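Report on the structure given below.
Residue numbers (this note's numbering): 1 to 258.
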């Protein structure tokens with residue numbers, strides 16, 4: 001008997017399509033059992049898998065060859081290591097102390113053109129370097145002034161390839177050459193002061209010299225100039241009979257021009 005109902009037919013409901021993600025076993029082998037239809041995951045599955053080392057070292061630069069990425073990574077690590085060493089050494093650096101130890105040897109005193117007084121002498125210094133790193137100065141250039149007359153240069157000195165040892169005291173001799181011309185109005189007052197300090201016409205006093213020093217040191221092939229200034233004082237080294245006669249002659253010339 002028909003009641004007008006259509007026979008029941010089970011209709012298959014369509015399942016939603018999902019793009020499966022790749023699956024891997026313990027050995028990192030692809031065991032994906034679902035087909036991947038999208039172009040995105042198709043490209044992903046065909047891309048070679050990178051090792052942990054590749055991901056750790058410049059893993060973002062995948063467009064470069066592996067050897068290029070490794071070289072860049074090593075250079076980058078070296079730069080970081082050098083910067084760390086420089087920062088640590090700079091933080092631990094202590095300023096070396098410099099002490100004047102006196103005149104070394106016998107000074108030379110000569111005259112030129114009858115009026116120019118030339119004085120050559122070696123000044124001794126003691127440098128105490130408490131740091132763990134040594135320093136080598138390629139050059140030291142100094143300008144000398146008589147104390148109180150810092151606008152007139154009366155001499156100069158130079159020293160090359162000076163090595164300062166680490167954790168040690170280094171003794172050095174710095175040669176200076178002084179030239180004073182009493183006939184020059186800028187040097188007349190300086191010559192008078194020098195003669196007075198050497199006891200010509202009065203009591204002998206210490207000679208006081210100011211100097212400005214420029215030290216040059218090379219770091220990674222780059223020259224760095226370090227300025228330094230100080231002063232030294234010492235007894236007049238011109239005590240021999242011949243030297244006193246030269247000073248007396250210069251004094252007479254000054255008095256004759258005054």
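Ideal Cβ placement from N, Cα and C applies to all residues, glycine included. Fair warning: this is a prediction, and the values are worked out from it, not measured in the lab.
Who are the near neighbours of residue i in its chain, counting only those whose CB is closer than 6 Å to its CB and skipping five residues on each side?
i, result
"residue 175", "122, 157"
"residue 225", "214, 216"
"residue 274", "Absent from the structure is residue 274, since the part of the chain shown begins at 1 and ends at 258."
Would you give the residue range spanned by the beta strand (DSSP E) that residue i belongs to?
i, result
"residue 230", "222-234"
"residue 141", "135-146"
"residue 100", "97-112"
"residue 181", "Counting along the chain, residue 181 falls outside any beta strand (DSSP E), and DSSP gives it neither H nor E."
"residue 164", "155-164"
"residue 261", "Lying before the first or after the last residue shown, residue 261 is absent from the chain, which here runs from 1 to 258."
Among the residues of its own chain, which have a CB less than 7 Å from the CB of residue i, if the five just before and after it don't count?
i, result
"residue 112", "118"
"residue 254", "182, 188, 191, 192"
"residue 199", "236"
"residue 105", "122"
Let's see if you can read the secondary structure: which residues bound the alpha helix (DSSP H) around residue i?
i, result
"residue 187", "185-197"
Quick one, which of the options has its alpha-carbon nearest residue i's?
i, options, result
"residue 96", "166, 246, 243", "166"
"residue 154", "88, 140, 186", "186"
"residue 144", "137, 178, 159", "178"
"residue 251", "216, 197, 206", "197"
"residue 107", "124, 203, 94, 228", "124"
"residue 223", "85, 242, 136", "136"
"residue 201", "173, 85, 65, 245", "245"
"residue 173", "67, 242, 120", "120"
"residue 168", "227, 161, 94, 180", "94"
"residue 180", "170, 171, 195", "195"
"residue 243", "110, 170, 171", "110"
"residue 184", "161, 152, 205, 170", "152"
"residue 171", "226, 161, 100, 205", "100"
In whole angstroms, give me the CA-to-CA distance for residue i and residue j.
i, j, result
"residue 115", "residue 103", "25 Å"
"residue 214", "residue 70", "43 Å"
"residue 203", "residue 139", "39 Å"
"residue 79", "residue 142", "36 Å"
"residue 34", "residue 81", "Below a pLDDT of 50, predicted positions are generally treated as unreliable, and residue 34, at 49, falls in that range; no measurement from the model is reported."
"residue 68", "residue 84", "25 Å"
"residue 248", "residue 217", "44 Å"
"residue 228", "residue 98", "11 Å"
"residue 74", "residue 88", "21 Å"
"residue 77", "residue 206", "58 Å"
"residue 86", "residue 66", "30 Å"
Once you ignore the five residues that flank residue i on each side, which residues in its own chain have a CB closer than 8 Å to its CB?
i, result
"residue 134", "163, 164, 165, 166"
"residue 92", "131, 132"
Under a CB-based cut-off of 9 Å, is residue i close to chain D?
i, result
"residue 244", "Protein chain content of the structure displayed is limited to a single chain, and chain D is not contained in it."
Exercise. Does the stretch 196-210 come close enough to the stretch 224-239 that 3 or more CB-CB pairs lie under 8 Å?
Worked result: Three or more beta-carbon pairs separated by less than 8 Å link the stretch 224-239 to the stretch 196-210, which places the two stretches in contact.
Exercise. Does the stretch 135-153 come close enough to the stretch 182-190 that 3 or more CB-CB pairs lie under 8 Å?
Worked result: yes
Problem set entry | Touch test, the stretch 122-134 against the stretch 238-254, Cβ-Cβ under 8 Å, three pairs minimum | no
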